[in-house]
Amino acid sequence: MHTHKGYELAPFEPRRRRSAVLIALAICLTASIFAIDVFTPFDGAIAVLYIGVILLLAPSGRRAVMASGLITALLTVFAFAFGHLTNASDGAASRFVVSLVAIAITTLMSMRDRSSRTTLGEQARILELSHDTVIIRDSNDVIVYWNDGAEKLYGWSRGEALGRNCGELLQCRFPAQEIATVMDEIGQWSGEVVRTRRDGTPLVLASRWLRRRDPDGRSIGTIESSADLTEKRRADEQSLASERKYRTIFDSAGFATWESDWSETMRVALASVPDGQQLATWLESHPEITQQAVAAAVIRDANPAAVDLFEADARETLVGSNLCGRYLPRGASALSDVIVALAAGETMAETEVRMQTFGERVADVVLRVTILPGGQNWSHVLVMAFDVTERNEARTRYEQVSAELAHAARVSMLGQLAASIAHEVNQPLAAIINYGKSAKRFLRRPQPDLEDVGSCVDKMISNGTRAAQVVDRVRKLARKAAPQADPINLSDLIEDAIALIKSEARAQSVRLRQRSSGDLPNVVADRVQVQQVLVNLLMNAIQAMREVDNRARELCIDTTVTPDGMVRVAVADCGTGFPMGGEARMFEPFYTTKPDGMGIGLSICRSIIEHQGGRISAANNEVFGATVSFTLPIGVPQAAKTLEPIS
């Protein structure tokens, strides 16, 4: 049972039982006093003894006190009327009045005391329910009260703490002299103290002390209430350490970084969209809205790398300014994509845009915009900027060199096909000459045969067209131009490639076969470069079968659509295949299995195909020969021609 200054905080049921006992005793006592007052010859103020009944019932509650006061007063009046009303003396009347006054005063004082006891009990319960520690100490620093909060925090039970010296028990550390001075001056003090738990763990507390005084104003001890700051202090230290770590990373990052407020940016962009319009469509058609919105993204902080990237004088030059708004006009669509992504709920968006520095230098910059935790309505945004100008310039140079190398390889390949190309051109030219001579003879007859002349002219035109087609194929393959990805029909491309190597295949007694899975979708690639790859693979396959004499020389071109949205072209021969373990090295630069080879053909093929977004691979067949295949991404679907076997 908990007590506070002698007032019990008893459970409800025991208190009811105790009240019942007190009421029974009070009834017995009241009956005894009434009997003595009425039936005995005593002349004293017997009724004054009723105050004992009132005091006895005082702990039972306000109603019990009022009822006992009223009943005892009525009994006093009845006893006086019964014994002295007809023969009342001055002494009896005086004793009667004194008894009533005593009963009334006792009743009022008991009720007042009960109210005070109730208030004090409620205050004691509040102290017990408090999560803070409440300790009351006497003038010698001895603990006289110890609440549940103190038990839980310090680990000492009430029984163990009461009567112990507080400073010794809790190993207190605080500015004693300062506290004593303040307590003497104003009677209270608040601040931080350090104490120790029972297990030795130090605690940091926010404590408030109040001087206890007796009715004469003399100091009799201290009341203190303390709240545990240990976890808060630890969290504050961790937060401070995290902030320092973030600041260190922020300032020492090797790429430009700045914090910005994008709330106004997003407000401008979203508020401009008419009802029924999509944000992306609206910003695409109104780049000035993007420019106005991005210009509102004001910088709060920037790191030294941002100062260097944008060629600013100092960090202060960037703070309060706007960097995202320094994009070139063609970059509006890239930044509108960032706005659309953030509006859709994304926490990070990335884009590449060309920007102008304070020194008027144009830089290619990758912007990564991230919404930081704790920021509401895009008010706390971290922008990272990566200067990729040199990378893009190097990529452009690489693409130029690759294109030149591919062109050189095509010219070299055409040199290998020179005899075949000459044969393909000479055949129609010889036919044209022969048909021309025949037409001339027909015209010299006495009666010119115009029908035969017309037939010869038609065949001359047909063979001229055939020769022109051969020259056009060679011209396309030999031309030097920047790669351009367009939807192309693979069926037509394969036919053109076969036309270029047909004579070479016939000369080597190679039979060409084509297989297709049906209508092929268009692929997105550069036509000239893909045709170069295919011609290179076909020539390699023909050359791989030069030494084959004991079986038919067959070359198969197989086209299929893969489940991952690609078109696969496979060139399979029945030659000698790759050397053991050589498949993995076939695409390495300067690796070759030919005595007169340079080892750059397949390497260039790999660069071309991978640049188009595809893959190329090589493997030996199960029986004879090898297969080299490549894939290209599907573009706009288009029905392809049915490929017929070519021999």
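Offset between the sequence shown (1-based) and my numbering: plus 246.
Quick reminder that beta carbons are idealized off the backbone N, C-alpha and C, glycines included.
For Ala-595, the beta-bridge partners assigned by DSSP are Val-615. In this structure, the CA atom of Asp-633 is about 23 Å from the CA atom of Ala-539. Inclusion of Ser-314 and Ile-300 in the CB contact set at 9 Å is warranted, their separation being smaller than that value. For Thr-468, DSSP records a beta bridge to Arg-383, Arg-457. By DSSP's assignment, Met-630 forms a beta bridge with Thr-503, Arg-614. For Thr-873, the enclosing beta strand (DSSP E) begins and ends at 872-879. Annotation: Glu-510 to Arg-546 spans about 14 Å, alpha carbon to alpha carbon.
Leaving aside the five residues that flank Arg-600 on each side, the residues in its chain whose CB is nearer than 8 Å to its CB run, in chain order, Tyr-573, Leu-574, Arg-576, Gly-577, Val-608, Ala-609, Asp-610, Val-611. Listed in chain order, the non-local C-beta contacts of Arg-852 below 8 Å within the same chain comprise Phe-833, Ile-862, local neighbours out to five positions each way being set aside. CA-to-CA, the gap between Trp-508 and Val-544 works out to about 7 Å. Where Glu-606 is concerned, there is no enclosing beta strand (DSSP E), because DSSP gives it neither an H nor an E. With a cutoff of 9 Å on beta-carbon distance, Glu-592 and Leu-613 are scored as not near each other.
Contact between Val-439 and Phe-420 is confirmed by a C-beta separation of about 4 Å, below the 8 Å threshold. With respect to the 9 Å criterion, Cys-820 and Arg-761 are not classified as neighbours on the basis of their beta carbons. Only residues of its own chain outside the window of five on either side were considered, and among them Leu-564, Phe-604 have a CB closer than 7 Å to the CB of Ala-558, listed in chain order. The alpha carbon of Ala-327 has as its nearest neighbour, out of Asp-384, Val-284, Leu-555, Val-770, the alpha carbon of Val-284.
By DSSP's assignment, Gly-437 forms a beta bridge with Ser-453. In the DSSP assignment, the residues bridged to Val-817 are Ile-803, Val-874. The C-beta distance from Ala-325 to Ile-349 rounds to 12 Å, too long to meet the 8 Å contact threshold. For Ala-551, the CB contacts under 8 Å within the same chain, skipping 5 residues up- and downstream, are Ala-499, Gly-500, Phe-501, Ala-502, Thr-503 in chain order. Judged by their CB atoms, Ile-740 and Leu-780 are nearer to each other than the 9 Å cut-off. Per DSSP, reduced to three states, the secondary structure at Arg-757 is strand. Bridge pairing for Pro-733: Val-770 [DSSP]. The region 465-477 makes contact with the region 441-455: 3 or more CB pairs, one atom from each, lie closer than 8 Å. Here Val-781 is not bridged, per DSSP, to any residue. Within a 10 Å sphere around the beta-carbon of Ile-707 sit fewer than 16 other beta-carbons, which makes this residue exposed.
In the same chain as Leu-456, and ignoring 5 residues on each side of it, the C-beta atoms closer than 6 Å to its own belong to Gln-434, Ile-469, in chain order. The DSSP-derived three-state label of Trp-392 is strand. Leu-555 has its alpha-carbon roughly 28 Å from the corresponding atom of Ala-589. In this structure Thr-353 is in contact with Val-311, their Cβ atoms being roughly 6 Å apart against a cut-off of 8 Å. If you draw a straight line from the Cα of Asn-786 to the Cα of Val-703, it comes to about 39 Å. In the three-state reduction of the DSSP assignment, Val-869 falls in the coil class, being assigned neither a helical nor a strand state. Under the 10 Å beta carbon count, Val-813 is surrounded by 16 or more other beta carbons and is classified as buried. Between Ala-798 and Arg-757, the gap from beta carbon to beta carbon is short of 9 Å.
Counting along the chain, Ile-292 sits inside no alpha helix (DSSP H), nor does DSSP assign it H or E at all. Each of Gln-754, Arg-383, Ala-304 was checked against the Cα of Ser-471, and the nearest Cα belongs to Arg-383.
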